[in-house]
Amino acid sequence: MTKPKSFPTRWKIALGVVVVFGVAGWLVAWPAYQQHRAVQEIERVGGEICTAGAFIAPETVRPQWLQKWGVAFDNLSYANLEGTEITDDGLQYLSSLKSLSTLHLGNTKISDDGLKHFAGMTDLRTLRLNDTEISDGGLKHLSSLTNLKWLLLHRTQITGNGLKHLSDLTNLEGLSLDDTAITNNDLKHLSGLTKLRELYFSDSTGISNDGLKHLSKLTNLELLSLAGTRISDDGLKHLKGLTSLDTLYLSKTKVGDTGLQHLSGLTNLYRLRLSNMSISDDGLKHLSTLTNLQWLSLDDTRISDDGLKHLSALMNLQVLSLAGTNVGDDGIKHLIGMTNLVELHLINTHVTDDDVKMLKKSLLNCRIDR
Numbered sequence: 002m003t004k005p006k007s008f009p010t011r012w013k014i015a016l017g018v019v020v021v022f023g024v025a026g027w028l029v030a031w032p033a034y035q036q037h038r039a040v041q042e043i044e045r046v047g048g049e050i051c052t053a054g055a056f057i058a059p060e061t062v063r064p065q066w067l068q069k070w071g072v073a074f075d076n077l078s079y080a081n082l083e084g085t086e087i088t089d090d091g092l093q094y095l096s097s098l099k100s101l102s103t104l105h106l107g108n109t110k111i112s113d114d115g116l117k118h119f120a121g122m123t124d125l126r127t128l129r130l131n132d133t134e135i136s137d138g139g140l141k142h143l144s145s146l147t148n149l150k151w152l153l154l155h156r157t158q159i160t161g162n163g164l165k166h167l168s169d170l171t172n173l174e175g176l177s178l179d180d181t182a183i184t185n186n187d188l189k190h191l192s193g194l195t196k197l198r199e200l201y202f203s204d205s206t207g208i209s210n211d212g213l214k215h216l217s218k219l220t221n222l223e224l225l226s227l228a229g230t231r232i233s234d235d236g237l238k239h240l241k242g243l244t245s246l247d248t249l250y251l252s253k254t255k256v257g258d259t260g261l262q263h264l265s266g267l268t269n270l271y272r273l274r275l276s277n278m279s280i281s282d283d284g285l286k287h288l289s290t291l292t293n294l295q296w297l298s299l300d301d302t303r304i305s306d307d308g309l310k311h312l313s314a315l316m317n318l319q320v321l322s323l324a325g326t327n328v329g330d331d332g333i334k335h336l337i338g339m340t341n342l343v344e345l346h347l348i349n350t351h352v353t354d355d356d357v358k359m360l361k362k363s364l365l366n367c368r369i370d371r
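For the sequence shown, position 41 matches number 42 in my numbering, and the numbering has no gaps at all.
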């Protein structure tokens, strides 16, 4: 019986090499192909990308087969699709961009279903979903993005129940919930996000005094926007412990003179907006301890000449806005010594041209609008 001829060893080796290189090529080519598709989709809808910190217009991204894909796409860090025609289906291509750290999707047609493609994008640090149809159900797809630092959800359809899905995002430093339907009870889900530095609730009318108690542990907060919410005097007591605050927006709230006493200990404040409120001269005395203030807006309040004497201690003020108040010539005399002022807004006040000229002689570097 004739022994069958064995397959030559050199051919076995050659075949093995082909298989190894074929598998290796596939391992390189497939992710590269996926990422190429992602860039094509970004380009199709008119978005922008950035690699390793340098902006690249999408039309310039024309990677060659294998040679450049790994280099070009492994470092993709930024994609801006704001205001484009990207859809939920289009987001599937972005899931291959594992190194993406910044993604802007504001003002697009994406919805909850599209967010499922984000689950593996764990390098994301900044995610903008503002002005979309995102609702509570979509937020569950973000719970794995534990490296997120900035999340923008303003003017979305969330009602607050979905905030429970954010409780694991303990690295968050900035969260925008402006103009949403969140309510007081929903804020309890934010109490553990102790790294938060900026928090925005402007025009979220479901927020009132009771909700602010859930913020008392957020002692790293530097900026808090409550403008246009339903808070009043009593609610500000919950802010007393937030001594890191340097920026506070309270415009268009029900806070009055009594409430301002709760701000007297927030001595790190340098920006304070109190416009369109029922504040009078008596309330301004509570601001005299805020000597680090550099920017103060009192537009459309009830203050008059007598109240400005309480501002004379705020020697670091650079911008002061008194538009639409009852301030007149007698009041602005209290501002003569505030030589750090660079902007003074006196539109729709009782101040005359003569007193503006007098002020300009003392405030040499100040632009005065009247």
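All C-beta atoms in this analysis are idealised placements derived from N, C-alpha and C, irrespective of residue type, glycine included.
{"Check": "Rounded to whole angstroms, what's the CA-CA distance from A314 to Q93? Just pull it up for me.", "Outcome": "57 Å"}
{"Check": "Within 8 Å, do at least three Cβ pairs link the region 285 to 304 to the region 270 to 277?", "Outcome": "yes"}
{"Check": "Does DSSP put T259 in a helix, in a strand, or in coil?", "Outcome": "helix"}
{"Check": "Could you name the residues of the same chain whose beta carbon sits closer than 8 Å to that of T195, not counting the 5 residues immediately before and after it, in chain order?", "Outcome": "T171, K218, L219, T220 and N221"}
{"Check": "What separation, rounded to the nearest whole angstrom, lies between the Cα atoms of D355 and T259?", "Outcome": "35 Å"}
{"Check": "Is the CB-CB distance between S281 and Y250 below 8 Å?", "Outcome": "no"}
{"Check": "Within the continuous beta strand (DSSP E) that includes I333, where are the two ends?", "Outcome": "It is not in any beta strand (DSSP E) - I333 instead sits in the alpha helix (DSSP H) that spans D330 to I333."}
{"Check": "For D180, tell me which candidate among E174, Q158 and N327 has the shortest Cα-Cα distance.", "Outcome": "Q158"}
{"Check": "State buried or exposed for M339, treating a residue as buried only when at least 16 other CB atoms are found within 10 Å of its CB.", "Outcome": "buried"}
{"Check": "For the alpha helix (DSSP H) containing R89, list its first residue and its last residue.", "Outcome": "First, the amino acid is wrong: residue 89 is Asp here, not Arg. Element bounds for D89: D89 to L92."}
{"Check": "Spatial neighbours of G107 within its chain, please: CB distance less than 6 Å, with the 5 preceding and 5 following residues excluded, ordered by chain position.", "Outcome": "E83, R129, N131 and D132"}
{"Check": "If you compare alpha carbons, which of H166, E344 and H239 is closest to W296?", "Outcome": "E344"}
{"Check": "Looking only at its own chain, which residues have a Cβ that is under 8 Å from the Cβ of T350, when we skip the five neighbours before and after it?", "Outcome": "L323, A324, G325, T326, N327, V328, G329 and R371"}
{"Check": "Which residue from G121, H105 and T160 puts its Cα closest to that of L146?", "Outcome": "G121"}
{"Check": "Determine, using beta carbons only, whether S97 and S78 come nearer to each other than 8 Å.", "Outcome": "no"}
{"Check": "Return yes when the Cβ of T292 is within less than 8 Å of the Cβ of N317, no when it is not.", "Outcome": "yes"}
{"Check": "Could you compute how far the alpha carbon of L336 sits from the alpha carbon of V320?", "Outcome": "12 Å"}
{"Check": "So, with DSSP's three-state summary, where would you put G175?", "Outcome": "strand"}
{"Check": "Among all the DSSP beta bridges, which residues are the ones paired with H351?", "Outcome": "G329"}
{"Check": "How many angstroms separate the CA atom of I304 from the CA atom of W151?", "Outcome": "37 Å"}
{"Check": "For S279, I'd like the list of residues in its chain whose CB is within less than 7 Å of its CB, leaving aside the five on either flank, ordered along the chain.", "Outcome": "G257 and R303"}
{"Check": "For L365, count neighbouring Cβ atoms within 10 angstroms of its own Cβ and tell me buried if that reaches 16, exposed if not.", "Outcome": "exposed"}
{"Check": "Which residues in the same chain have their Cβ closer than 6 Å to the Cβ of G236, if we skip the five residues on either side of it in sequence?", "Outcome": "N210 and L213"}
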